[in-house]
Amino acid sequence: MQEQSNVRFLLGARIQDPTADILTFTFQRDVFGQDLYALQVPRQLLQKLGGQGFIDYLADFYLEQQPAETARIDRGAVVFALTYGIDYSRLGDAA
167 MQEQSNVRFL
177 LGARIQDPTA
187 DILTFTFQRD
197 VFGQDLYALQ
207 VPRQLLQKLG
217 GQGFIDYLAD
227 FYLEQQPAET
237 ARIDRGAVVF
247 ALTYGIDYSR
257 LGDAA
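Written out as structure tokens, the structure reads:
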């Protein structure tokens, strides 16, 4: 049996500037950082939806904008990447 790699499930999310009025999330979809997708949302959405609501909105919006991703990953992977990226950037502290 051939070994399976989890590389095809790779997804990372990083915030460019957690203090900006327009938040730019960069999704990294490969190991080498060559397959990137940027998503911009107003900071006010975080304040309006709260932490988990904001993450849920972003996950749904990302998958809506990138429908081919649903063949590669599931919504849970997107939520996980966003949660980790937001925690790592300390976005909540900058809100």
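Residue numbers (this note's numbering): 167 to 261. Note that beta-carbon positions come from the ideal geometry of N, C-alpha and C, so glycine has one too. Only a predicted model underlies this, so the values are computations on that prediction, with no experimental measurement involved.
Terminal residues of the alpha helix (DSSP H) in which residue i lies
| i | result |
| --- | --- |
| leucine 211 | 209-231 |
| leucine 189 | First-last for leucine 189: 188-194, but that is the beta strand (DSSP E), not the alpha helix (DSSP H). |
| glycine 251 | 241-255 |
Burial state of residue i, where buried means 16 or more other Cβ atoms lie within 10 Å
| i | result |
| --- | --- |
| alanine 225 | buried |
Contact check, residue i vs residue j, beta carbons under 8 Å
| i | j | result |
| --- | --- | --- |
| alanine 237 | glycine 178 | no |
| threonine 190 | glutamine 182 | yes |
| threonine 249 | isoleucine 221 | yes |
| tyrosine 223 | leucine 229 | no |
| proline 208 | aspartate 240 | no |
Through-space distance from residue j to residue i, alpha-carbon basis
| i | j | result |
| --- | --- | --- |
| tyrosine 254 | tyrosine 203 | 19 Å |
| phenylalanine 193 | arginine 180 | 7 Å |
| leucine 205 | phenylalanine 227 | 9 Å |
| valine 197 | alanine 243 | 16 Å |
| isoleucine 252 | glycine 219 | 13 Å |
| proline 233 | valine 245 | 15 Å |
Any non-hydrogen atom of the ligand MN closer than 7 Å to residue i Cβ
| i | result |
| --- | --- |
| glycine 217 | Of ligands this structure carries none, so the ligand MN is not represented either. |
Beta strand (DSSP E) segment containing residue i, residue limits
| i | result |
| --- | --- |
| arginine 238 | First-last for arginine 238: undefined, no H or E at that position. |
| alanine 179 | 178-181 |
Anticipated Cβ contact below 8 Å, residue i with residue j, distance rounded
| i | j | result |
| --- | --- | --- |
| arginine 195 | leucine 212 | Between leucine 212 and arginine 195 the Cβ distance is about 23 Å, and since that is not below 8 Å, they are no contact. |
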